[in-house]
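Participant: Residue numbers (UniProt numbering), protein chains in the order written: chain A, 1 to 95; chain B, 1 to 345; chain C, 1 to 136; chain D, 1 to 182.
Every residue gets a Cβ at the ideal spot worked out from N, C-alpha and C, and that includes glycine.
What follows is a structure written as structure tokens; I'll ask about it next.
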Amino acid sequence: MIPSSVSIEEIFLLAAALFVVLAIMMFYRAVAGPTTQDRLLAVNVLGTNTVVILALLAAGLDEPWFLDVALIYALLNFLMAVAISKFTVERGGVL
Amino acid sequence: MVADRTLVPLSETVTVRQTVGYAVQSGLEDADSLEVHLVVALPYDAEVPEGKQQVEEAKQLLSKARRWVTEDAGSADVTVETAVLGTERYLFGPRDYADIFEEYTDDHDLDRVVLDPEYHPGVTSSILQPLEHELESAGIPYDEAAVERPARHERLVGEGTERFDRYFALFWISFGFYLVLGDPTYWFDLVTGVAVAGIVSFSLANVTFSFPLHRIGSPVRTIRFAFYVPYLIWEIVKANVAISFVILRPSMPIEPVVTRVNARVRSGLPLLALANSITLTPGTLTVRANDQRLIVHTLIPSAREDLFDGALERAVRFVFHGRTSARIPSPRERGDAEIVGGDEL
Amino acid sequence: MIEAARFWAIVVLVVAGLFFTFVSAVGVIRLPDIYARAHTASQTDTLGAGLALAAVALALGWQQASVYTVLLLFFVFITNPTAAHAIARSAAETGIEPVTADSAADGDTREPSTASTDRNSSDDDGGSDVDGGETA
Amino acid sequence: MSAFAYALVVFILLAALATALFRDVLSAIVVFGAYSLGMAILYTFLLAPDVAMTEAAIGAGVTTILLLLTIARTSRPPTDRLFERIHLPAVVAVGAFVLVLFTLLGDMYAVGDPNAPVWGWEALETTPSVYYVQETYADTGAQNAVSAVLASYRGFDTFGEAVVVFAAGIAVLLVLKREVFT
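Given below as structure tokens:
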């Protein structure tokens, strides 16, 4: 039974909006810290959230090529987390 | 009269001759006499058959190295000691080697260690600290021998069939990946895919696989891994639900504890798989890997119980070594699991 | 009929994904230290992301784009625990002390569980002692 | 603008504020990552995935590495305060600029508005891309439509960009001369 009043696209867009709200919640930790690692962790989670939001937008707006952006972000986000966490220890030893 | 006392760990590398030469030369630069301790550290104990053979090879290497030292020393005052280390215990990764070198330098009151840049003993994996780092944290001054090293990939190139296996495996993996992204029925994608996979496999095969491939073993492992993934996902979902209830309860009854688990895995790849699986399951987080001793931060008691029951360890052993290897006692029964304080980190 | 099943499956997946991401957001805000936060931040979030991405894959159906979604899922599952491990290790190496059950219990009143009572005796002296009850 | 876009704009503003205010450079870099996440989503939402991809690569990848390299070669200030002190005249100047931009906001077309110039000017009786392809030679004499757009139709724009790039180059040379070559 599919309700006639909502379409699946609207559900995806609404979910994307809620994910953004959750992202704002998590952003509190990125500001509050107290250590750099805490901030990094929060931004890493935000990155995962971004990937999900982009995927939801791709489904919601029916534009499948948004997934390319999501794919690039998934990998770069990981690189950023590893680069900075290594940097905090070895101070540029990785770079 | 100042004496320089140096430890030189040796293994059969292409730069071992230059390393010994460097140790002698640099030792004599700022000291009148030199005492060189040449050692070979073995990963296995001497009791097993391949261990005996390794001890023989180690002794041959040491006698060769002793001659090199006397050659290089000329008329200078140089004494040489040799030893085979690690015959009584099982050395796993860099931390074990650093420990055994530390013991040796303390026993013989040595000043410094000269390292061969190509010296990579035991299991090396991206989650383990390299030997240089472990020596530093143990407080042993080390010196990397200034040698002319050959290009790094040479070390990874194996025998003919082994090399072919690498190319073969990487070719099909990258070709499959290309077709997944492209269109498998379109001739253009097939042709360009073959070209791209060819370039990728020829340029990168030597650095992709840091572990030996096995013609039957590797595909079988891949299939076993496919069985492992649904199991892992089920475990993740279970643990997630458990931890969600804990976090959403207003009182939040968490109980963070740092534990140490000695994983019974034999090489770097299973160790990496186990550490990542532990991290993926909520409630347990691998903070450090000190060789096969994983330092795991656990958040709730039930997650800690699961970790000590060792279900994931058994599953990883099943993936890499087959069904019979999976039947081992849990870490709790073996006495390989313990709760440690935060200082252990 | 199949359309309806797919619709509700997508709704359930999206809602479950939102729920686990919400748990991870609450965990990131509430939990006491970096190590505890890493648990929910990276793992609960991985499940939330996985469920939402599964919903997207289901909605896109059998086409090229859903392959991308599966790839994304794969990358998220591989990279997230690795990043969490990297961050936790860097925290450990910069010398951030974890809040353990003993130190947290001083300030809070938590219901005493069996595990914490039989550990207190051995953990108070030195910290790295072997606990006989747990390891025997 | 939907609720989604509003939530996103709030997030981006928060991230931008935090980036500007953090005293600790490393924290600012990390939070700047969050800012670039929001921007990437916004670009994607406004149907510009190519710009979003660039933002992803530049914001999360290159900028982070460049900034890390920079602070690896400089020293980290002692962090006695969490936030920077706010420089009031700068806030006034930036605020005035933002206000000017806001007055122009009403003239912008909504996303997907059929009257937007992208879909064609009445005066041209065609879409801009078709116009460029058809009329470039007659209008400008340039053989290449891309060059014509960059150097002629958007000449002032390109001129501004070139000025910015040269100014940045000169600034880099000045800094290098002071810090490195002397």
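#1: Would you identify the three-state DSSP class for Y6(D), choosing helix, strand or coil?
#2: Please report the distance separating the alpha-carbon of W172(B) from that of F101(B).
#3: Leaving out the 5 sequence neighbours to the left and right, which residues in its chain are closer than 7 Å to A16(A) when beta-carbon positions are compared?
#4: With a CB to CB cut of under 8 Å and the five nearest residues on each side skipped, what residues in its chain are close to F27(A)?
#5: T88(A) CB to nearest chain C CB: under 7 Å?
#6: Whole angstroms are fine: how far does the CA of K238(B) sit from the CA of residue 346(B)?
#7: Taking the beta strand (DSSP E) that V14(B) belongs to, which residues open and close that run?
#8: Evaluate contact between the region 14-26 of chain B and the region 68-75 of chain B, counting only Cβ atoms and requiring at least three cross-stretch pairs below 8 Å.
#9: By the three-class DSSP mapping on this structure, what secondary structure does L280(B) have?
#10: Using a Cβ distance threshold of 8 Å, determine whether the region 11-20 of chain C contacts the region 207-226 of chain B, with at least three qualifying pairs required.
#11: Rounded to a whole number of angstroms, what is the C-alpha to C-alpha distance between A84(C) and D107(D)?
#12: Given that a residue counts as buried once 16 or more other Cβ atoms are within 10 Å of its Cβ, and exposed if not, what is T185(B)?
#13: Are at least three pairs of beta-carbons, each pair with one atom in the region 60-74 of chain A and one in the region 67-77 of chain C, less than 8 Å apart?
#14: So, does the CB of R29(A) fall closer than 7 Å to a CB anywhere in chain D?
#15: Would you decide whether A197(B) is buried or exposed? Buried here means 16 or more other CB atoms lie within 10 Å of its CB.
#16: Chain A partners of E93(C), CB-CB under 7 Å?
#17: Suppose you measure from the CA of G86(B) to the CA of Q54(B); what does that come to, to the nearest Å?
#18: Let me confirm a value: F32(D) is counted as buried when at least 16 other C-beta atoms fall within 10 Å, else exposed. Which label applies?
#19: Which word fits M8(B), buried or exposed, when buried means at least 16 other C-beta atoms lie within 10 angstroms of its C-beta?
#20: DSSP state of T33(C), grouped into three classes?
#21: Report yes if the C-beta distance between T6(B) and V36(B) is below 7 Å; otherwise report no.
#22: Could you give the first and the last residue of the continuous alpha helix (DSSP H) run that contains I100(B)?
#23: Identify every run of the alpha helix (DSSP H) within the region 104-172 of chain D, keeping only runs that are complete inside it and at least 4 residues long; order them along the chain.
#24: Check whether the Cβ atoms of I10(C) and A59(C) lie closer than 7 Å to each other.
#25: On a Cα-Cα basis, can you pick out the residue from V191(B), A146(B), D109(B) that is closest to G176(B)?
#26: What do you get for A32(A), buried or exposed, if any count of 16 or more other CB atoms within 10 angstroms of its CB means buried?
#27: Assign P253(B) to one of three DSSP states: helix, strand, or coil.
#28: Please list the partners that F102(D) has in chain A, where partner means a Cβ-to-Cβ separation under 8 Å.
#29: Out of P219(B), A58(B), V194(B), which has the shortest C-alpha to C-alpha gap to L10(B)?
#30: According to DSSP, is H297(B) helix, strand or coil?
#31: Measure the C-alpha to C-alpha separation of Y119(B) and R264(B) and round it to an integer number of angstroms.
#32: Taking only three categories from DSSP, how would you classify E338(B)?
#33: Measuring straight from C-alpha to C-alpha, what distance separates L285(B) and P130(B)?
#34: Roughly how far, in whole angstroms, is the beta-carbon of T46(C) from the beta-carbon of F77(C), given that I think they are within contact range, below 8 Å?
#35: Helix, strand or coil for S33(B) per DSSP?
#36: Would you call T114(C) buried or exposed, if buried means 16 or more other Cβ atoms sit within 10 Å of its Cβ?
Facilitator: In this structure, then:
#1: Here residue 6(D) refers to the residue found at position 6 when the fourth sequence is read from its first residue. Residue state, collapsed to three classes: helix.
#2: Along the second sequence, read from residue 1 onward, the residue named residue 172(B) stands at position 172. Along the second sequence, read from residue 1 onward, the residue named residue 101(B) stands at position 101. Taking the straight line joining both Cα atoms gives about 43 Å.
#3: By one-based count along the first sequence, residue 16(A) stands at place 16. Excluding sequence neighbours, A16(A) sits near I53, L56, L57, G60.
#4: Here residue 27(A) refers to the residue found at position 27 when the first sequence is read from its first residue. Hits under 8 Å: A42, L46.
#5: Start at 1 with the first residue of the first sequence, and residue 88(A) comes out as number 88. At least one chain C Cβ lies under 7 Å of T88(A).
#6: The first residue shown for chain B is 1 and the last is 345, placing residue 346(B) beyond what the model contains.
#7: Numbered from its first residue, the second sequence carries residue 14(B) at position 14. No beta strand (DSSP E) contains V14(B), which DSSP labels as neither H nor E.
#8: yes
#9: Stepping through the second sequence from its first residue, residue 280(B) is reached at position 280. Note: L280(B) maps to helix in three-state DSSP.
#10: no
#11: Translated into positions along the third sequence, residue 84(C) becomes position 84. Translated into positions along the fourth sequence, residue 107(D) becomes position 107. One C-alpha to the other measures close to 46 Å.
#12: For the purposes of this step, residue 185(B) is taken as residue 185 along the second sequence, with counting starting at 1. Exposed is the call here.
#13: yes
#14: Taking the first residue of the first sequence as position 1, residue 29(A) is located at position 29. With 7 Å as the cut-off, R29(A) does not count as an interface residue toward chain D.
#15: Position 197 of the second sequence, counted from the start, is the residue given in the question as residue 197(B). By the 10 Å Cβ count, A197(B) comes out buried.
#16: Taking the third sequence and counting its residues from 1, the one referred to as residue 93(C) is at position 93. Under the 7 Å cutoff, chain A gives V89.
#17: Against the second sequence, residue 86(B) aligns to sequence position 86. Against the second sequence, residue 54(B) aligns to sequence position 54. Rounded to the nearest angstrom, the gap between the Cα atoms of G86(B) and Q54(B) is 11 Å.
#18: Working through the fourth sequence from its first residue, we reach residue 32(D) at position 32. Burial call: buried.
#19: To locate residue 8(B), count along the second sequence from 1; it is residue 8. Note on residue identity: the sequence assigns Val, not Met, to residue 8(B). Buried, because 16 or more other Cβ atoms sit within 10 Å of the Cβ of V8(B).
#20: For the purposes of this step, residue 33(C) is taken as residue 33 along the third sequence, with counting starting at 1. According to the sequence shown, residue 33(C) is Asp rather than Thr. Looking at D33(C) - three-state DSSP - the assignment turns out to be coil, as it is neither helix nor strand.
#21: Residue mapping note: residue 6(B) aligns to position 6 of the second sequence, counting from 1. Residue mapping note: residue 36(B) aligns to position 36 of the second sequence, counting from 1. Yes, they are a contact pair.
#22: The residue labelled residue 100(B) in the question sits at position 100 within the second sequence. I100(B) -> alpha helix (DSSP H) spans 94-108.
#23: Listed in chain order, they are 128-140, 145-148.
#24: Indexing the third sequence from 1 puts residue 10(C) at position 10. Indexing the third sequence from 1 puts residue 59(C) at position 59. Yes, Cβ-Cβ distance for I10(C) and A59(C) is below 7 Å.
#25: Here residue 176(B) corresponds to residue number 176 of the second sequence, with the count starting at 1. Comparing Cα-Cα distances from G176(B) to each of V191(B), A146(B), D109(B), the minimum goes to V191(B).
#26: What you label residue 32(A) is simply residue 32 of the first sequence in a count that begins at 1. Looking at its Cβ environment, which holds fewer than 16 other Cβ atoms inside 10 Å, A32(A) is exposed.
#27: Taking the second sequence and counting its residues from 1, the one referred to as residue 253(B) is at position 253. Residue state, collapsed to three classes: coil.
#28: Numbered from its first residue, the fourth sequence carries residue 102(D) at position 102. By Cβ distance, chain A contributes nothing, its closest Cβ being about 23 Å from F102(D), past 8 Å.
#29: The residue you call residue 10(B) lines up with position 10 of the second sequence. Of P219(B), A58(B), V194(B), the residue nearest in Cα terms is A58(B).
#30: Within the second sequence, numbered from 1, the residue matching residue 297(B) stands at position 297. In the structure shown, H297(B) sits in a strand (DSSP, three-state: E or B).
#31: Reading the second sequence from its first residue, position 119 is the one you call residue 119(B). Reading the second sequence from its first residue, position 264 is the one you call residue 264(B). When rounded, the distance between both Cα atoms is 25 Å.
#32: Residue 338(B) sits at position 338 when you count from the first residue of the second sequence. Here E338(B) sits in strand by DSSP.
#33: In the second sequence, counting from the first residue as 1, residue 285(B) sits at position 285. In the second sequence, counting from the first residue as 1, residue 130(B) sits at position 130. Roughly 21 Å separates the two Cα atoms.
#34: Taking the third sequence and counting its residues from 1, the one referred to as residue 46(C) is at position 46. Taking the third sequence and counting its residues from 1, the one referred to as residue 77(C) is at position 77. Indeed, because the Cβ distance is near 6 Å, the residues count as touching under 8 Å.
#35: Your numbering for residue 33(B) matches position 33 in the second sequence. Three-state result, S33(B): strand.
#36: On the third sequence, residue 114(C) is found 114 positions in, with the first residue counted as 1. For T114(C), the predicted model reports a pLDDT of 34, less than 50, meaning its position is unreliable and no value from the coordinates is stated.
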